[in-house]
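The next block holds one structure in the form of structure tokens; read it before the comments.
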Amino acid sequence: MQPVRELVRLLLPVACPCGELDVRWCARCAALLAGPPVRAERGAPRLDRLDGVPPVPVWALTPYTGPIRDVVVHWKDRGRSDLDRLLAPALRRAAVRVGPVLAAALGGAPVAVVPVPSTGAARRARGREPVAVLARAVTRGLHDAGLRAHQVPALARRGAGRDQVGLGARARGRNLAGAVRMTRRGVYALGESSVCILVDDILTTGATLAAVERTLEHAGHDVLGATVLAATPPPAHETEPGATPAPGRLRGD
Numbered sequence: 005m006q007p008v009r010e011l012v013r014l015l016l017p018v019a020c021p022c023g024e025l026d027v028r029w030c031a032r033c034a035a036l037l038a039g040p041p042v043r044a045e046r047g048a049p050r051l052d053r054l055d056g057v058p059p060v061p062v063w064a065l066t067p068y069t070g071p072i073r074d075v076v077v078h079w080k081d082r083g084r085s086d087l088d089r090l091l092a093p094a095l096r097r098a099a100v101r102v103g104p105v106l107a108a109a110l111g112g113a114p115v116a117v118v119p120v121p122s123t124g125a126a127r128r129a130r131g132r133e134p135v136a137v138l139a140r141a142v143t144r145g146l147h148d149a150g151l152r153a154h155q156v157p158a159l160a161r162r163g164a165g166r167d168q169v170g171l172g173a174r175a176r177g178r179n180l181a182g183a184v185r186m187t188r189r190g191v192y193a194l195g196e197s198s199v200c201i202l203v204d205d206i207l208t209t210g211a212t213l214a215a216v217e218r219t220l221e222h223a224g225h226d227v228l229g230a231t232v233l234a235a236t237p238p239p240a241h242e243t244e245p246g247a248t249p250a251p252g253r254l255r256g257d
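Numbered per our numbering, the sequence shown spans residues 5 to 257.
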């Protein structure tokens with residue numbers, strides 16, 4: 005069988021998205037996802053509701069720069085679904101660490117893990133919903149932390165919609181205005197009032213999370229926070245320590 009394996013590797017070479025050959029992902033890229041999650045909402049100006057309520061807290065594993073950008077692009081848009089086995093466990097570990105923070109506010113109440121929906125065009129092009137993989141991982145991690153968590157694909161994008169990639173902060177906000185809706189399944193599963201945690205892959209301007217938060221709140225639900233793989237660093241590369249917020253709505257300082 006060894007000659008067959010060698011032939012397959014010649015015809016279909018394996019490489020980490022960062023370029024290192026002969027591994028699906030390299031130790032350096034894996035290490036970037038191994039640390040504790042940190043608060044990242046201060047680098048996302050579009051999360052500011054402008055109503056006096058602080059932005060929803062967002063926990064990110066790593067900055068969206070360098071090799072991590074390559075990993076996410078290959079995972080989402082270049083057919084590298086095998087990277088699920090790198091990214092999902094990393095976010096599950098992150099959810100375990102965030103779990104005690106959420107538990108302090110939940111007081112034993114259940115929490116709905118809501119994936120941020122892709123556009124229909126993006127879903128068809130990819131042949132799947134990658135963020136759903138992350139939401140399952142977060143749900144399992146919260147279970148590991150002792151929380152009563154369940155995944156609810158509660159949202160969908162209205163109409164054709166344009167993907168957010170390549171859009172600036174204001175354009176992202178306009179693109180998402182009224183573009184997120186509750187699904188019938190979501191209305192049934194969340195009931196009249198639920199506590200939700202959002203899951204997405206990348207935090208950039210915060211426009212997407214803000215649109216999702218508004219949709220859920222208008223339907224009577226409360227959003228405690230969000231978890232993402234990576235966040236675009238603010239200009240000064242500032243980060244907020246992952247301190248435990250006060251119980252309640254878990255808003256930032």
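Using N, Cα and C, we set each Cβ at its ideal position, and we do this for glycine too.
Every value quoted in this text rests on a predicted model; they were computed, and no experiment measured them.
Remark: three or more beta-carbon pairs, one from each stretch, lie closer than 8 Å, so the stretch 60 to 77 and the stretch 220 to 231 are flagged as touching. Residue burial is scored here from C-beta neighbours: V18 has fewer than 16 other C-beta atoms within 10 angstroms and is therefore classed as exposed. R161 has V184 as its beta-bridge partners, per DSSP.
DSSP places A141 within a helical segment (H, G or I) once states are collapsed to three. About 13 Å separates the beta carbons of L207 and A98, which is beyond the 8 Å limit, so they are not a contact pair. Rounded to the nearest whole angstrom, the CA to CA distance from T212 to S85 is 23 Å. V135 and G56 have their C-alpha atoms some 30 Å from each other.
Between the alpha carbons of L146 and A153 lies a distance of about 6 Å. The alpha carbon of R127 has as its nearest neighbour, out of R82, T209 and L233, the alpha carbon of R82.
Contact between the stretch 87 to 97 and the stretch 72 to 79 is present, with at least three C-beta pairs closer than 8 Å.
Using a C-beta cut-off of 8 Å, the stretch 182 to 192 makes no contact with the stretch 135 to 144, since fewer than three inter-stretch Cβ pairs fall below that distance.
Membership of T212 in any beta strand (DSSP E) is not indicated; the residue belongs instead to the alpha helix (DSSP H) covering A211 to H222. Linking L202 to C22 through their CA atoms gives a straight-line distance of about 28 Å.
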